[in-house]
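Student: To get my numbering, take the position in the sequence shown, counting from 1, and add 10.
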Amino acid sequence: MVGTPGGDRRERYAAAIRPAMLIGLQGADLSGPAGAERINAWVDWIADTLALLGAGTEADRG
Numbered sequence: 011m012v013g014t015p016g017g018d019r020r021e022r023y024a025a026a027i028r029p030a031m032l033i034g035l036q037g038a039d040l041s042g043p044a045g046a047e048r049i050n051a052w053v054d055w056i057a058d059t060l061a062l063l064g065a066g067t068e069a070d071r072g
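#1: Tell me whether V12 sits in a helix, a strand or coil according to DSSP, three-state version.
#2: Beta-carbon of A30 versus every beta-carbon of chain B: anything under 8 Å?
#3: So, helix, strand or coil for D39, using DSSP?
#4: Pair every Cβ in the region 48–55 with every Cβ in the region 21–40, then say whether three or more of these pairs are closer than 8 Å.
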């Protein structure tokens, strides 16, 4: 949320992640083993994206 500590960073993260999730999960069947595999792939993608965005934040501070 803007106006809260880390709000700008949170907004950058949300802006980077939201469009891909809306496209990638639209109409997805997330049940059973195939669903778990898809969810795990998205969790990995989100973690990688946050790591990249966080690395940019660290570089901005340094």
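We treat Cβ as the ideally placed atom computed from N, Cα and C, and that holds for glycine.
Tutor: Answer, in terms of the structure:
#1: For this step, residue 12 is matched to residue 2 along the sequence shown. Its pLDDT being 48, under 50, V12 is placed unreliably in this model, and the value from its coordinates should be taken loosely. DSSP places V12 in coil when its eight states are reduced to three.
#2: The structure shown contains no chain B, having only a single protein chain.
#3: Here residue 39 is taken as the residue at index 29 of the sequence shown, counted from 1. Looking at D39 - three-state DSSP - the assignment turns out to be coil, as it is neither helix nor strand.
#4: yes
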